[in-house]
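Only one structure is covered here, and it is reproduced in the block below.
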Amino acid sequence: MLGEGIAKGLVETARNFIGSYFSKNRLTTVQYPEERLPQIEATRDFPFLVYDGDDWQAGMRCVGCQICEKECPPKCIYIEKSKDKKPDAVGKLQFYPAVFNIDVSVCMSCQICVEVCPFEAIKMDTEFELSTDNRFGGLLWDKARLSKPNAYYGKVHPTDAAASDALLAEEKAKVEAKAKAAGETKTNSELTSPPLATSGATSKQ
Amino acid sequence: MGETADQLFVTLQHWLVGYAPASLRSILSALLSVIAILVVFALLFAITTVLERKGLGRIQNRYGPNRVGPFGFLQPIADGIKSLTKEDIVPRAADKVVHFLAPVVLVIAAFSLYAVLPIGRNMVLANLDAGVLFFFAISSVMELTIFMAGWSSRNKYSLLGAMRAIAQMISYEVPLILAAVTVIMATGSLSTVTIVERQAGYTGILPHWFVFTPWGFAGFVLFMIAATAESNRSPFDLPEGESEIIAGYYTEYSGFKFALFFLGEYLGMFAISGLGITLFLGGWAAPLSFLTWIPSYLWFFAKLLVMISAFIWVRGTLPRLRMDQLMNFAWRFMLPMALLNLVTAGVWRFLPQGLLRWFVCALLVVVPYVLLGRGLAQGWRLEKRVYRFAE
Amino acid sequence: MLFLIFAMLTVAGAVAAMSLRNLVHSVLALTVAFAGLAAVYLQLGAQFVGLAQILVYIGAVAILIVFAVLLTRDSEASPLAIVGSWKGSGVVALAIFGILAWAVDHSAASRQSVLPQPEATMQQIGNALMLRFALPLEIIGLLLTVALIGAVTIAMREKKEMR
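In order, the protein sequences belong to chains E, U and B.
Going by this note's numbering, the first sequence opens with residue 1, and the numbers climb by one from there.
Going by this note's numbering, the second sequence opens with residue 1001, and the numbers climb by one from there.
Going by this note's numbering, the third sequence opens with residue 2001, and the numbers climb by one from there.
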């Protein structure tokens, strides 16, 4: 008969209406600022620069190679290479970025910079509350703001961080072995690495 | 006690008017009533918007607005501030004057509908002899404003929305008026006050409302369906059809003009619900004889809130009709039902009181309903759809 | 005083309806004229006629005209050149006005200096329509039905030819 379906529908919506007041499982909404869903490990949002140790400038893993800048699809990364060199995470002398800016409003969270980085220097963050009331300065993040310690990386992406640490340790061991071999052959060359090796060891924790 | 509470606002008005010089008294009295109507119904609009959003949310298992103020009940204030501070954009090709006039005239027409609604005992702005006719006359003006809005925006979606709105409103005006005519036949009057008075009195504890007769019930249902279509509400919201034509005739309206359209639409809905209450639900009368001590205006607004909730419930339940379904429903179901209901009301009037009258009239309502329902359903061929590529 | 305002409104609406270049504007001006006329009726105490004027003319006739304008021709097209023979039409209009004025002036109704206030309530109008004027009402209804059916037939035939 005409109207049967309407009556059924009305009953169904009434059940939803009343039910939503009595059973909390009906409501799928998470009341965001007060309630939050736990983040899954693969969450990624925006890149940050990893540094080792306590001093972000000394421990910066980035060597300013500009691969990420070239690969970035929306071109949101801007890098200027430094003139001088400093030892990097594995202990080689490398350049470091004098300027490293990322425009938050342009970044599309594709993770390509992370994929292409050969130095394990840029990683994805999970921080997503990035809104600001300053359209120009507030959305362009500089080196200081982008840098975060390796410990933080270990906290937000434990599995990935462990893999990355292992890789770096392996490379560092290789470099040290090479340095040792070089030291044995050239016994009197004291200019090269003793301070470098120690700094690398401390920063590796 | 009950008497003073019931006539509180009437006495207040008399008392206030008493201070004015004699020549200004009638104007002042009218002015006070108008201000009261403006304030009360604008407030009701604000409450309804938040109730609707919360109600729809709950129906869809969401919370709805719950941030602004306690339980989100200050949301309309935030909305109002927002729409006031928004830029008022008028399309360059639009007809500026008509574009501006449309929402203004709509709201004026919507407010003037309340002139003939008896909100409580002795609480009607204008007790016109032809009150119901006045109501329908003014609501027909609203169709024109919708056309004005749609045409002046110089936008194909606006024009499409306006055409749909007018086609729909003209089609449903016929069953709307025919459903109302049954009551006019029964009371022999077009005055809303007289119609309410004719429904006064109780048998035992039950009131003599027209909705409690076979023709009255059918008339009420027909009236409310047509009223839903008249006020362009879901499931008859084709003129807005946001999934097809953006927002229909008010696509090109922004800021406070948009808010005015919103207001006008809701005011129209309240007014037509108010008319339904007046015609079929005994106006401001209490539903049970021992509840008459509660002031009459409270009963009116209680009934109005029930109607609004029903509107929200229906909106949360039914999907939008298609244009051909809409027209089929109007002309192949609503119109014949309304005409037969007219006959039923006549039969009821001339048969002697008793069970026979009930039986005959109920039969006269139910049989056509079933038959017409079947006729309407004949065109429906619900088959399982076969997809060529998706499967 | 009120009558003057309403009369001015009506005349202004009518003049605008004839002189505006945009057809839809003309229709809207025409509705203003209709509304002014309805106001005059209401002011004279003829509630039924006044409200029926609004219901029928503004609610139906104006919308009908608007639909006709929109569906039959481009509303933005330049207005028709009907202004050409306004001298002749002016003479006709003046002649009609003169005859009507003469007729009203000489009619029996205007002889009585003070007209008796007609007590026409809604009830009386309804009774008169249903009892005394039932036959004319039915005939008008029949005529309208015939017109409606005729219109539908014509529309259907056109559709068939199109196919």
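We treat Cβ as the ideally placed atom computed from N, Cα and C, and that holds for glycine.
Nothing here was measured: the structure is a model prediction, and the numbers come from that model.
Check whether chain B comes within 8 Å of residue i, counting only Cβ atoms and requiring the distance to be less than that.
i                 : result
Leu1281 (chain U) : no
Ile1170 (chain U) : yes
Asp1129 (chain U) : yes
Leu1133 (chain U) : yes
Val1098 (chain U) : yes
Leu1008 (chain U) : no
Ala1109 (chain U) : no
Phe1136 (chain U) : yes
Chain E beta carbons: is any one of them nearer than 8 Å to that of residue i?
i                 : result
Ile1059 (chain U) : yes
Gln1378 (chain U) : no
Beta strand (DSSP E) containing residue i: first to last residue?
i                 : result
Leu49 (chain E)   : Phe46 to Tyr51
Glu1383 (chain U) : Per DSSP, Glu1383 (chain U) belongs to no beta strand (DSSP E) and is neither H nor E.
Asp103 (chain E)  : Leu93 to Asp103
Tyr78 (chain E)   : Ile77 to Pro87
Ser147 (chain E)  : Ser147 to Pro149
I need the boundaries of the alpha helix (DSSP H) containing residue i, first residue and last residue.
i                 : result
Ser131 (chain E)  : Ser131 (chain E) -> no alpha helix (DSSP H), and no H or E assigned at all.
Leu1056 (chain U) : Arg1025 to Ile1059
Glu171 (chain E)  : Pro158 to Thr185
Ser23 (chain E)   : Neither: Ser23 (chain E) is in no alpha helix (DSSP H) and is coded neither H nor E.
Thr1213 (chain U) : That residue, Thr1213 (chain U), is in no alpha helix (DSSP H); it is neither H nor E in DSSP.
Asn1232 (chain U) : Looking at the DSSP string, Asn1232 (chain U) is not in any alpha helix (DSSP H), and its letter there is neither H nor E.
Met60 (chain E)   : Met60 (chain E) -> no alpha helix (DSSP H), and no H or E assigned at all.
Leu1371 (chain U) : Leu1355 to Gln1378
Ile1138 (chain U) : Gly1131 to Ser1152
Trp1293 (chain U) : Where Trp1293 (chain U) is concerned, there is no enclosing alpha helix (DSSP H), given that its DSSP letter is neither H nor E.
Gly1255 (chain U) : Gly1255 to Phe1280
Asn1341 (chain U) : Leu1335 to Phe1350
Leu2002 (chain B) : Leu2002 to Ser2019
Cys68 (chain E)   : Ile67 to Glu71
With a threshold of 8 Å between beta-carbons, can residue i be considered close to chain U, or not?
i                 : result
Leu139 (chain E)  : no
Ala197 (chain E)  : Low per-residue confidence applies at Ala197 (chain E): pLDDT is 45, beneath 50, and the placement is therefore not dependable, though the value from the model is reported in the following sentence. Chain U, which has no Cβ nearer than 8 Å to the Cβ of Ala197 (chain E), makes this no.
Leu2028 (chain B) : yes
Met2156 (chain B) : no
Arg26 (chain E)   : yes
Ala2062 (chain B) : yes
Leu2096 (chain B) : It is Ile, not Leu, that sits at residue 2096 (chain B) in the sequence shown. No - not a single Cβ of chain U is within 8 Å of the one on Ile2096 (chain B).
Val2024 (chain B) : yes
Val2066 (chain B) : yes
Met2130 (chain B) : no
Asn101 (chain E)  : no
Thr2153 (chain B) : no
Thr2031 (chain B) : yes
Ala201 (chain E)  : Here Ala201 (chain E) scores only 44 on pLDDT, less than 50, and its place in the model is too uncertain to base an answer on.
Phe17 (chain E)   : yes
Taking residue i and residue j to be in contact with their CB atoms under 8 Å, please state how far apart those CB atoms are, rounded to whole angstroms.
i                 : j                 : result
Val114 (chain E)  : Pro47 (chain E)   : 7 Å
Gly1248 (chain U) : Tyr1157 (chain U) : 7 Å
Thr1048 (chain U) : Ile1308 (chain U) : 6 Å
Ser1026 (chain U) : Phe1256 (chain U) : That belief does not hold up - the Cβ atoms of Ser1026 (chain U) and Phe1256 (chain U) are roughly 33 Å apart, past 8 Å.
Met108 (chain E)  : Arg44 (chain E)   : The pair is not a contact, with the Cβ atoms about 11 Å apart (cut-off 8 Å).
Which residues of chain U have a Cβ atom closer than 7 Å to the Cβ of residue i, listed in chain order?
i                 : result
Thr13 (chain E)   : Ile1059, Trp1313, Gly1316 and Thr1317
Met1 (chain E)    : Val1370 and Gly1373
Leu10 (chain E)   : Trp1313 and Thr1317
Ile2058 (chain B) : Ser1140, Val1141 and Leu1144
Thr2121 (chain B) : Asp1129
Thr29 (chain E)   : Arg1062 and Tyr1063
Could you list which residues in chain U have their beta carbon closer than 9 Å to that of residue i, in chain order?
i                 : result
Phe22 (chain E)   : Neighbours of Phe22 (chain E) on chain U: none; closest Cβ ~11 Å, over 9 Å.
Thr2145 (chain B) : Those do not exist, as Thr2145 (chain B) stays about 13 Å from chain U at its closest Cβ, beyond 9 Å.
Met2001 (chain B) : None at all; the shortest Cβ gap to chain U is about 14 Å.
Give the interface partners of residue i over in chain E, defined as CB-CB distance under 8 Å, in chain order.
i                 : result
Tyr1387 (chain U) : Near Tyr1387 (chain U) there are no residues of chain E at all, since even the closest Cβ is about 24 Å away, more than 8 Å.
Listing by chain order, which chain U residues have their CB less than 8 Å from the CB of residue i?
i              : result
Ile6 (chain E) : Thr1317 and Leu1318
Please list the partners that residue i has in chain B, where partner means a Cβ-to-Cβ separation under 8 Å.
i                 : result
Met1148 (chain U) : Leu2028
Just the chain B side, please: which residues come within less than 9 Å of residue i by C-beta, in chain order?
i                 : result
Ile1166 (chain U) : Ile2063, Val2066 and Phe2067
At 7 Å on the CB atoms, spell out the chain B contacts of residue i, in chain order.
i                 : result
Leu1190 (chain U) : Met2122
Check whether chain C comes within 8 Å of residue i, counting only Cβ atoms and requiring the distance to be less than that.
i                 : result
Pro1239 (chain U) : Protein chains in the displayed structure are E, U and B, and chain C is not among them.
**Q.** Near-chain U residues of the region 2034 to 2054 of chain B (beta-carbon distance less than 9 Å), N- to C-terminal order
**A.** Ala2035, Ala2038, Gln2047, Phe2048, Gly2050, Leu2051, Ala2052, Gln2053 and Ile2054
**Q.** Where the region 1042 to 1066 of chain U meets chain E: residues whose CB sits under 9 Å from a CB there
**A.** Gly1055, Gly1057, Arg1058, Ile1059, Gln1060, Asn1061, Arg1062, Tyr1063 and Asn1066
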